[in-house]
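Enquirer:
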Amino acid sequence: MNSIAFVCSVFSFYTITFAEHFKYETILSKDKLLNLQWNVNYADKLVKLRIQGKLRPNEWLAFGFSDYGECENADLVLFWKDLFGNKMFKNRRPTDYRGYIHIDQNQNYVRTLTEKLKYNRFTLEFIRKFDTCDEDDYKLDNGTTHIIFFTGYGYPRHINTLQYKKGLQRVQILKPDIPDVNIPKDTTVIDVTNQEITVPSTDTTYWWYLTKLPDFKRKYHIIKYEGIIEKGHEHLVHHMELFHCEARPDEVVPSYNGPGLAEGKPPGLSICRKVIGAWAMGASSVTLPEEAGTPVGGDGWSRFVLLEVHYNNPQLSKGIEDSSGIRLYVTSKLRKFDSGIMELGLEYTNKMAIPPNQNLFSLTGYCIPDCTRTAIPRTGIHIYASQLHTHMTGKRVYTKHVRNGKELPELNRDNHYSPHFQEIRRLQEPVDVLPGDSLITTCDDSTLDRENITLGGFSIKEEMCVNYIHYYPAVDLEVCKSSVDSDALRAFFRFMNKRYKDNTSSTKSVAENYQSIRWSYLASQMLSNFYDIAPLSMQCNRSDGTRFPGNWNNKDIPRITLPITTQSGSC
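Mapped onto the UniProt record's numbering, the consecutive letters of the sequence shown carry residue numbers 1 to 571.
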């Protein structure tokens, strides 16, 4: 069957109408002028993609998906011209470990348009299902999608022996189908940025800059925010947060403009904790739902804010000046609800750790029923967006929602998480959380390239496991996170010394004890099992850093007694 007949016969199964314009877009390659656009059809579980770019005569293009951007086992389609000038479009089976590309017997990518334009430019459009029911094809989901693409010359059969260029882009293909929100005409743009600071020549720097917002005489709402990254510094800025300082209107917060501390904030800045804007590597702008806005201004409101920028400088480069920061969009047209941001997951502490040489090691942080029962009103809160966050070992992150032991649909999941792409993602539907609910955040981390224990902490070489949830109406609960109980951890170290003769000791610090253990396969499994049963130490904190009343040590892990029933797929 020739290619034209093949395309028509397959396409006849699809009688789907997509919008004429493409809603989503990303640049694949600037030098090749390759651009990707796409639309999502949730009713029929189809995605339509358009690639536009420039290919020279005898040049081919491969485009597709893989778990984390690797070539092996990638799901590819290829576009090229044969010896007779016919335009060829084929779905290829995953590449093998030798780099060979094989034609897939099931052609599940359906070309709908090929158009050659002037100056070697082209347009290619095609359709595929979210799940093609083919084990050789990549299954699209609403997490991160790693897009890989190649261009080269000759017949594309063996990518390891061809002269080609490879590219990688990360996107969320299956974006939620949410209508655009209109921005009021009176919207004011406020930039809060560093002032040409010199980035220290250290691996990890948290830079703190205290400044003031304009003097809003009455209450306003932030309805959108985004990162401002100085050109050429995209690799340097890992993430940013803008904290409001919960001070009295007449209180002067001490000036600060310099590297932050590893633990806590200096005197006077500890009140700067309430997050009103955030950005992380790979993220785009965040537009709040039309019913909610983050409050600023009015009586009793302090103008002081603290900008925190996490710089990742593994090359220890010197003399880099940076003025990155966060842009706020503020309106006087108030929404129905005040919006807030809450931290879920693990405390920033070295009490949690990941052994070396692990393919996937799970760390879990808990927001327990006692905390939500204490801090969330009877009517509950409505979560509309989520930002999952780890450092460099994170591979998969998800948050489960549990009510009275019954597992509800997950709050968010990213099975192909990348620390280089940490979007704040709108949820398709708001998730209602009631008093007494549990929110359980798990990070699956890989340390196959590490020979030493990875501790929890602030450094890029240490680890975090966090879900920043965006919700309304705002409550006073800012942090609902856990770590292993300190007494239980000390007992674990004593056990490793007594049973396995590891050089742990009550006189050593937590970090020294972790580093004193010989991390065999058995020791790693024992740590994992310990985390699964050990009691918790909780942070059930207000925005001023104080804990809600209660006993937050030696708390039980909330358990799922009625797992959710998974729906069978369409295959």
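Each residue gets a CB set at the ideal place from its N, CA and C atoms; glycine is no exception.
(1) Decide yes or no for the touch test of the region 538-556 against the region 482-490: beta carbon pairs closer than 8 angstroms, at least 3 of them.
(2) Considering only residues of the same chain and omitting the five flanking positions on each side of proline 563, which have a CB-CB separation below 7 angstroms?
(3) In whole angstroms, give me the CA-to-CA distance for threonine 297 and glutamate 115.
(4) Is cysteine 133 buried or exposed, if buried means 16 or more other CB atoms sit within 10 Å of its CB?
(5) In whole angstroms, what is the alpha-carbon distance linking threonine 565 and leucine 536?
(6) Of the choices Ala43, Ile178, Glu70 and Lys166, whose alpha-carbon is the least far from that of tyrosine 24?
(7) CA-CA distance, tryptophan 519 and aspartate 186?
(8) By Cβ distance below 6 angstroms, which residues in the same chain neighbour lysine 353 in space, the five residues on each side in sequence not counted?
(9) Between Ile197, Arg170, Val40 and Val77, which lies nearest to aspartate 322 when the distance is taken from Cα to Cα?
(10) Could you round the C-beta distance between valine 466 and leucine 344 to whole angstroms and report it? I think they count as a contact, below 8 angstroms.
(11) Who are the near neighbours of threonine 193 in its chain, counting only those whose CB is closer than 7 angstroms to its CB and skipping five residues on each side?
(12) So arginine 304 is in the beta strand (DSSP E); what residue range does that whole segment cover?
(13) I need the DSSP call for proline 369, collapsed to helix, strand or coil.
(14) Decide yes or no for the touch test of the region 202-218 against the region 169-178: beta carbon pairs closer than 8 angstroms, at least 3 of them.
(15) Output the residue ranges of the alpha helix (DSSP H) runs that lie fully inside the region 440-506 and measure 4 residues or longer, sorted by chain position.
(16) Am I right that serine 302 and cysteine 367 are in contact with their C-beta atoms under 8 angstroms? What's the rounded C-beta distance?
(17) Kindly confirm or deny that the region 369-378 and the region 426-438 touch, where touching means at least three C-beta pairs closer than 8 angstroms.
(18) Under the DSSP definition of a beta bridge, which residues are partnered with glutamate 406?
(19) Please report the Cβ distance between tyrosine 206 and proline 259, rounded to the nearest whole angstrom; I am assuming they are in contact, meaning their Cβ atoms lie under 8 angstroms.
(20) Looking at the structure shown, is phenylalanine 243 part of a helix, part of a strand, or coil, going by DSSP?
(21) Cβ atoms of glycine 293 and residue 583: under 7 angstroms apart, would you say?
(22) Which residues in the same chain have their Cβ closer than 6 angstroms to the Cβ of asparagine 503, if we skip the five residues on either side of it in sequence?
(23) Could you check whether isoleucine 190 and leucine 328 sit closer than 7 angstroms to each other, using their CB atoms as the reference points?
(24) Could you spell out where the alpha helix (DSSP H) holding asparagine 554 opens and where it closes?
(25) Helix, strand or coil for valine 253 per DSSP?
(26) Whose CA, out of Tyr220, Pro289 and Ile320, lies closest to the CA of valine 237?
(27) Just how far apart, CA to CA, sit leucine 247 and proline 295?
(28) Mark tyrosine 521 as exposed unless 16 or more other C-beta atoms lie within 10 angstroms of its C-beta, in which case mark it buried.
(29) Pick out whichever of Thr145, Gln539 and Asn35 has its Cα sitting closest to the Cα of glycine 365.
(30) Just to confirm the assignment, what range does the alpha helix (DSSP H) spanning alanine 511 have?
(31) With a Cβ-Cβ cutoff of 7 angstroms, do valine 275 and phenylalanine 243 count as a contact?
(32) In its own chain, which residues sit with a C-beta less than 8 angstroms from the C-beta of phenylalanine 361, not counting the 5 before and 5 after it?
(33) Confirm, please, whether the CB-CB distance from leucine 49 to alanine 62 is below 7 angstroms.
(34) For methionine 538, which beta-bridge partners are listed by DSSP?
(35) If you draw a straight line from the C-alpha of leucine 168 to the C-alpha of alanine 283, how long is it?
(36) Could you compute how far the alpha carbon of leucine 363 sits from the alpha carbon of aspartate 44?
Expert: Working from what's here:
(1) By the criterion of at least three beta-carbon pairs nearer than 8 angstroms, the region 538-556 is in contact with the region 482-490.
(2) Annotation for proline 563: Glu407 place their beta carbon closer than 7 angstroms to its own, counting only its chain and skipping 5 residues before and after.
(3) Threonine is not the amino acid found at residue 297; the sequence shown has glycine there. Taking the CA atoms as reference points, glycine 297 sits about 54 angstroms from glutamate 115.
(4) Exposed, because fewer than 16 other Cβ atoms sit within 10 Å of the Cβ of cysteine 133.
(5) 28 angstroms
(6) Ile178
(7) 59 angstroms
(8) Going by the sequence as given, residue 353 is alanine instead of lysine. Excluding sequence neighbours, alanine 353 sits near Ile453, Leu455 and Tyr514.
(9) Ile197
(10) Between valine 466 and leucine 344, the beta carbon gap of about 7 angstroms places them in contact (Cβ cut-off 8 angstroms).
(11) Ile228, Ser323, Ser324 and Gly325
(12) Rather than arginine, the amino acid found at residue 304 in this sequence is phenylalanine. Start and end: 304-312.
(13) helix
(14) no
(15) 486-500
(16) With 8 angstroms as the limit, serine 302 and cysteine 367 do not qualify as a contact, their Cβ atoms being about 28 angstroms apart.
(17) Yes, since at least three Cβ pairs between the region 369-378 and the region 426-438 fall closer than 8 angstroms, the two stretches touch.
(18) The sequence given here places lysine at residue 406; glutamate does not occur at that position. The partner list for lysine 406 (beta bridge, DSSP) reads Arg403 and Leu562.
(19) Tyrosine 206 to proline 259, Cβ: 7 angstroms. Contact.
(20) It is a strand residue.
(21) Because residue 583 is not part of the residues shown, which for the chain are 1 to 571, the question remains open.
(22) Within the same chain, asparagine 503 has close Cβ partners Ser516.
(23) yes
(24) Looking at the DSSP string, asparagine 554 is not in any alpha helix (DSSP H), and its letter there is neither H nor E.
(25) coil
(26) Here the closest residue by C-alpha is Ile320.
(27) The amino acid at residue 247 is misidentified as leucine; the sequence shows alanine. Cα to Cα, the separation comes out at about 15 angstroms.
(28) Per the 10 Å Cβ criterion, exposed.
(29) Gln539
(30) 510-515
(31) yes
(32) Ile354, Pro355, Asp444, Asp445, Ser446, Thr447, Ser524 and Ser528.
(33) no
(34) Ser482
(35) 16 angstroms
(36) 36 angstroms
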